[in-house]
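Here the structure comes first, spelled out in structure tokens, and everything after it is commentary.
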Amino acid sequence: SMPVQIAFNEGAPLYLELPVTVEVVVASTEPGLQGDRSNAGTKPATLETGAEIQVPLFINTGDKLKVDTRDGSYVSRVN
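The opening position of the sequence shown corresponds to residue 13 in the working numbering, with each subsequent residue numbered one higher.
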């Protein structure tokens, strides 16, 4: 469940405003190799939503992340 704002005009929805960040769980990602700097210290991760984003090497499967809804980028790991 996520709070959203919907603007209506005469009962018809005009637009939907999402929160700036959402919390999602990493469904799968490969272990990060500490010496691998070819991708600026990031690796791909698939989220529980099916989206794939770049995350830091220390992120593991099952970690909860904060993701920016505007561009789908990693923000932080949630404890």
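Where a beta carbon is used, it is the ideal one built from N, C-alpha and C, also for glycine.
Item                                                                                                                               : Value
Rank R89, S13, G53 by C-alpha distance to the C-alpha of L69 and give the top, closest one.                                        : G53
Suppose you measure from the CA of V38 to the CA of M14; what does that come to, to the nearest Å?                                 : 18 angstroms
Using 7 angstroms as the threshold, is the C-beta distance between R89 and D80 below it?                                           : no
Is it buried or exposed for L26, if we count other Cβ within 10 angstroms and need 16 for buried?                                  : exposed
Find the nearest neighbour of N72 within the set V36, G84, R82, D83, judged by alpha-carbon distance.                              : V36
Could you check what DSSP says for D75 in three-state terms: helix, strand or coil?                                                : coil
Based on the DSSP secondary-structure assignment, which residues constitute the bridge partners of K89?                            : Looking at the sequence itself, residue 89 is Arg, so the reference to Lys does not match. Beta-bridge pairing links R89 to L77.
Quick test of your reading: R82 and V32, contact by CB under 8 angstroms. State the CB separation rounded to the nearest angstrom. : 7 angstroms
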